[in-house]
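Note that the numbering used here numbers the sequence shown so that position 147 is 795, with each residue one more than the last. For glycine and all other residues, C-beta sits at the position ideal for the given N, C-alpha and C.
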Amino acid sequence: MQETLESRNSSQNHSIHDVIISGAGPVGLFLACELALAGCSVLILEKEGNPHSPLKQIPFGIRGLSAPTIEALYRRGLLNELEVPKRLKNPHSSAGQGPRRQVGHFAGIPFYDGDINTSQWRYRLPSSTDTSLVSEMEELETVLTRRAEALGVEIKRGLAITDFNQTADGVTVQSSNQSFQGQWLVGCDGSRSVVRKIGGFEFAGTEPEFTGYSTQVDIADPEKLNPGRNLTPRGMYLQSQPGYLVIQDFDGGAFHDSKKSITLEHVQEVLRRVSNTDVTIRALHISTTWTDRARQATTYRNGRILLAGDAAHIHSPLGGQGLNLGLGDAMNLGWKLAATIQKKAPEGLLDSYVAERHPIGAQVLDWSRAQVAIMKPGPQARALNAIVRDLMNTRDGATYIAGRVWGVFTHYNLDGDHPLVGHSVPNFELEDGARIGELMHDGQGMLLDFDLNSSLKTLANEYGDQMRYVSGRAKEQLGLSAALIRPDGIIAWASDNAPDYSELQKAAARWFVIQGSTIRKS
């Protein structure tokens, strides 16, 4: 399925793909899987010829997966393919057992599993997936690549997009001396997105406070550094494993933006200054820099050009929410773009991608900025840090912070009176042992009927293969009688009593099209 730079020829590619995706990182791959699952033809163009990078290796490539990401992978049958090296247990099963165990942090301030009151998360059932897992970036990309190829996605590596042009009917993409035709182009090509720049998207936000360093080094006297995360009067350093260092130097991002080479001498100078020690680095093996620059595209769509992941929003990696935010974009966009391509999209469906995901991105950027604000050197930040630390040492504070870090509170503001509307569907376990997440592998919507109401089955049948009808009692129903679930697992309508059929019809028409209906061209 893959084509290297050396093996490609200079002829024009005449096949027209439904979607061309720029970038074969986790976001681009997951989006491709969602589109191909729905029957779309997908081409991924990736500028790097080699998918393996030292920065994707342990521990640089370790990423925390949050609740929405874990649910998304589970609902597509991908979760069990990950050989998760470290598991942060579901608080439902771990809280109160054994010693206090750190399971996350906010601005370097830890929170612990035993302090989290999961009863406040009333819609997370014992059958729910974990709220947090730790996975390797390279392994996640391998799993997603394997699935994408199995679904027929074409991946071309060593091809960077150099230009493109869109018309009312499609997009022509140029890569060096090759061109490709697609109906849509999606930029999943990272913080320096070429698609975003050529596409004329405004990228608004705030400038950085620090330069961050991720390094692998040999240290002559490691005992001079404290283990773990250390906030100092001059910044922060983290020694997660011997020889692996993360440093934050509050220089306003000057070194990162200077594009200077990262030398052993420079890293040692920064480390000594931030740690206030005379520690000596003997060798520098791997190094990269980053900042807390926080920017977001003012819209994620320009005609037939769309953005997702870091191409749409960037922020500091504090708390590890960037990957999760991007995978959430992919899960939200995939089924909507597929329905638009296949003329199964109600009016405005694709626009709901921006309407739903842009506010989520803005929240994460502010969450990142808040962490930086209380990590800055100086008495004001230290005072804020102390207050937040006190709050996080309370049960309510730890529960709130954990819920935000793990995405438990993530939801969309959809029309509907029921409190579950806009939230991720709980992983109901039916009496026959089937679980809702396991019934969503095909990417269909679902009408869940706990009371075997024949009128609901009739309505589901009107939508053909867009909507699966699932009936039967559940072991724990949370008082529900029925629920309409979008392909991304978001509840679009719910009822505790006898269903209001007109309200259900209205909700269904907002997200699906009755089989055989004529849809206006998008």
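Exercise for the section: Quick one: residues in its chain with C-beta nearer than 7 Å to the C-beta of Ser689, no 5 flanking neighbours on either side, listed in chain order? Expected result: If we look at Ser689 and ignore the five residues flanking it on each side, its Cβ neighbours are His665 and Asp666.
Practice task
Just tell me which of Ile757, Leu981 and Gly974 has its CA closest to the CA of Gly1045.
Solution key: Answer by Cα proximity: Ile757.
Exercise for the section: Let me know if Asn1189 comes out buried or exposed under the rule of 16 or more other beta-carbons within 10 Å of its beta-carbon. Expected result: The displayed coordinates of the chain run from 649 to 1170. Any statement about residue 1189 would go beyond what the structure contains.
Exercise for the section: Return the CA-CA distance between Gly1026 and Val1020, expressed in angstroms with no decimal places. Expected result: Between Gly1026 and Val1020, the C-alpha separation is close to 12 Å.
Exercise for the section: Could you tell me the distance, in whole angstroms, from the CA atom of Gly1065 to the CA atom of Glu1086? Expected result: First, the amino acid is wrong: residue 1065 is Asp here, not Gly. Near 27 Å, if we compare the C-alpha coordinates of Glu1086 and Asp1065.
Practice task
Starting from Lys804, follow the beta strand (DSSP E) in both directions and report where the run begins and ends.
Solution key: Glu802 to Arg805 is the span of the beta strand (DSSP E), which, as asked, contains Lys804.
Handout entry: Identified DSSP bridge partners for Val819
Key = Assignment of beta-bridge partners to Val819 by DSSP yields Gln814 and Gly830.
Practice task
Return the chain-ordered list of same chain residues with a C-beta closer than 7 Å to the C-beta of Glu719, the five sequence neighbours on each side being excluded.
Solution key: Excluding sequence positions up to five before and after Glu719, its CB lies within less than 7 Å of the CB of Thr777, Ser1072, Gly1085 and Gly1137, all in the same chain and listed in chain order.
Exercise for the section: Check whether the Cβ atoms of Leu713 and Asn972 lie closer than 8 Å to each other. Expected result: Contact annotation: Leu713 and Asn972 have beta-carbon atoms nearer than 8 Å.
Handout entry: Ser841 to Arg941 span [Cα, whole Å]
Key = Between the C-alpha atoms of Ser841 and Arg941 there is a straight-line separation of about 15 Å.
Exercise for the section: Specify, as a first and last residue, the run of the beta strand (DSSP E) that Arg943 falls within. Expected result: Taken as a continuous stretch (DSSP letters only), the beta strand (DSSP E) holding Arg943 covers Ala942 to Ala945.
Exercise for the section: Taking 8 Å as the cut-off, decide whether the C-beta atoms of Tyr771 and Leu1068 are in contact. Expected result: At a Cβ-Cβ threshold of 8 Å, Tyr771 and Leu1068 count as neighbours.
Handout entry: Residues near Asn738 by beta carbon distance below 8 Å, same chain, minus five either side
Key = Model confidence at Asn738 stands at a pLDDT of 39, short of 50, so the residue's coordinates are unreliable; what they give is reported in the following sentence. Ser776, Thr777, Asp778 and Thr779.
Exercise for the section: May I have the straight-line CA-CA distance separating Asn698 from Leu955, to the nearest angstrom? Expected result: In this structure, the alpha-carbon of Asn698 lies about 23 Å from that of Leu955.
Practice task
Indicate the three-state DSSP secondary structure (helix, strand or coil) for Ser775 in the structure shown.
Solution key: The answer is coil: DSSP assigns Ser775 none of H, G, I, E or B.
Practice task
Would you mind stating whether Gln864 and His914 have Cβ atoms separated by less than 8 Å?
Solution key: Between Gln864 and His914, the gap from beta carbon to beta carbon reaches 8 Å or more.
Problem - Residue range of the unbroken beta strand (DSSP E) whose run includes Ala852 - result: Where Ala852 is concerned, the enclosing beta strand (DSSP E) stretches over Phe851 to Thr854.
Handout entry: Own chain partners of Phe1057 with C-beta closer than 7 Å, once the 5 adjacent residues on each side are dropped
Key = Cβ within range, chain order: Gly1051.
Handout entry: the region 839-858 / the region 918-937 touching (three or more Cβ pairs under 8 Å)
Key = At 8 Å Cβ cutoff, the stretches do not touch.
Handout entry: Gly687 to Gly1070 span [Cα, whole Å]
Key = About 26 Å.
Exercise for the section: List the residues that DSSP assigns as beta-bridge partners of Gly1093. Expected result: Among the bridge pairs identified by DSSP, Gly1093 is matched with Met1115.
Problem - Alpha-carbon spacing of Gly671 relative to Leu677, whole angstroms - result: Roughly 8 Å separates the two Cα atoms.
Handout entry: Reduced DSSP category for Asn950 - H, G, I as helix; E, B as strand; rest coil
Key = DSSP, reduced to helix, strand and coil, places Asn950 within a strand of the structure shown.
Handout entry: Buried or exposed (CB count within 10 angstroms, at least 16 for buried), His963
Key = Buried is the call here.
Exercise for the section: Kindly indicate which three-state DSSP category Ala808 falls into: helix, strand or coil? Expected result: The three-state secondary structure of Ala808, taken from DSSP, is coil.
Handout entry: Proximity below 8 Å, CB of Ala960 to CB of Gly1009
Key = At the C-beta level, Ala960 and Gly1009 come within 8 Å of one another.
Practice task
Report yes if the C-beta distance between Val821 and Ile668 is below 8 Å; otherwise report no.
Solution key: In contact: Val821 and Ile668 (Cβ atoms closer than 8 Å).
Exercise for the section: Within its chain, find whatever has a CB closer than 6 Å to the CB of Arg877; leave out the 5 residues flanking it on each side and keep chain order. Expected result: If we look at Arg877 and ignore the five residues flanking it on each side, its Cβ neighbours are Gly756 and Leu886.
Handout entry: Under the three-state DSSP convention, the category Ile718 falls into
Key = Of the three classes helix, strand and coil, the one that applies to Ile718 here is helix, per DSSP.
Handout entry: Test item: CB-CB of Val1161 and Pro994 under 8 Å
Key = Taking 8 Å as the Cβ cut-off, Val1161 and Pro994 qualify as a contacting pair.
Handout entry: Status (buried if at least 16 other CB within 10 Å, exposed otherwise) for Asp761
Key = Buried, since its Cβ has 16 or more Cβ neighbours within 10 Å.
Exercise for the section: Have a look at Ala743 and Arg1037 and give me their C-alpha separation to the nearest angstrom. Expected result: Interpretation of Ala743 is limited by its pLDDT of 37, a score under 50 that renders its predicted location unreliable; the figure taken from the coordinates is listed afterwards. Taking the straight line from one Cα to the other gives about 20 Å.
Handout entry: Spatial distance of Lys734 from Val782 (CA atoms)
Key = Note that Lys734 scores a pLDDT of 44, beneath 50, so its modelled location is shaky and nothing firm can be said.
Handout entry: Own chain partners of Trp626 with C-beta closer than 7 Å, once the 5 adjacent residues on each side are dropped
Key = Only positions 649 to 1170 of the chain appear in the structure, and residue 626 is not among them; the question remains open.
Problem - Three-state secondary structure assigned by DSSP to Met1088 - result: Note: Met1088 maps to coil in three-state DSSP.
Handout entry: Alpha-carbon to alpha-carbon, Gln889 and Ile953
Key = The alpha-carbon of Ile953 is positioned some 42 Å away from that of Gln889.
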